[in-house]
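Q: Residue numbers for the sequence shown follow the working numbering, so the first one is 957 and each next one is one higher.
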Amino acid sequence: MPRDIITLECTEARAEGKSPSRYVTTRNKKSLRTPGRLEKVKFNPALKRRTIHRELR
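Here it is in structure tokens:
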């Protein structure tokens, strides 16, 4: 299957001492546009704002 299930975790919550939010999504393994870790802006309910979420390995 060409799609992988990945987990995105908030990058800003741990620095502020709060629990990081996590999202589960999929990514295309064969895509040449995203060779590194995927980053998306998602809502963190603990911080009550949109933050950058980075792919976990």
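The beta-carbon is built from N, C-alpha and C at its ideal position, and this holds for glycine as well.
All values derive from a computational prediction rather than experimental measurement.
Can you name the start and end residues of the beta strand (DSSP E) that L964 belongs to?
A: If you number the sequence shown from 1, residue 964 lands on position 8. Taken as a continuous stretch (DSSP letters only), the beta strand (DSSP E) holding L964 covers R959 to C966.
Q: How many angstroms separate the CA atom of N1000 from the CA atom of N984?
A: As a first step, residue 1000 is located in the sequence shown; it is residue number 44 there, counting from the start. As a first step, residue 984 is located in the sequence shown; it is residue number 28 there, counting from the start. Roughly 24 Å between the two C-alpha positions.
Q: Is it the case that the Cβ atoms of L1003 and E972 are separated by a distance below 8 Å?
A: Translated into the one-based positions of the sequence shown, residue 1003 becomes position 47. Translated into the one-based positions of the sequence shown, residue 972 becomes position 16. Yes, the Cβ-Cβ distance between L1003 and E972 is below 8 Å.
Q: Could you check the C-alpha separation between L1012 and T967 for me, to the nearest Å?
A: Taking the sequence shown and counting its residues from 1, the one referred to as residue 1012 is at position 56. Taking the sequence shown and counting its residues from 1, the one referred to as residue 967 is at position 11. Spanning the two alpha carbons is a distance of roughly 11 Å.
Q: According to DSSP, what are the bridge partners of K998?
A: Translated into the one-based positions of the sequence shown, residue 998 becomes position 42. Partner(s): T1007.
Q: Kindly indicate which residue of K986, S987 and V997 has the alpha-carbon position closest to the one of R978.
A: Translated into positions along the sequence shown, residue 978 becomes position 22. Among K986, S987 and V997, the Cα nearest to that of R978 belongs to V997.
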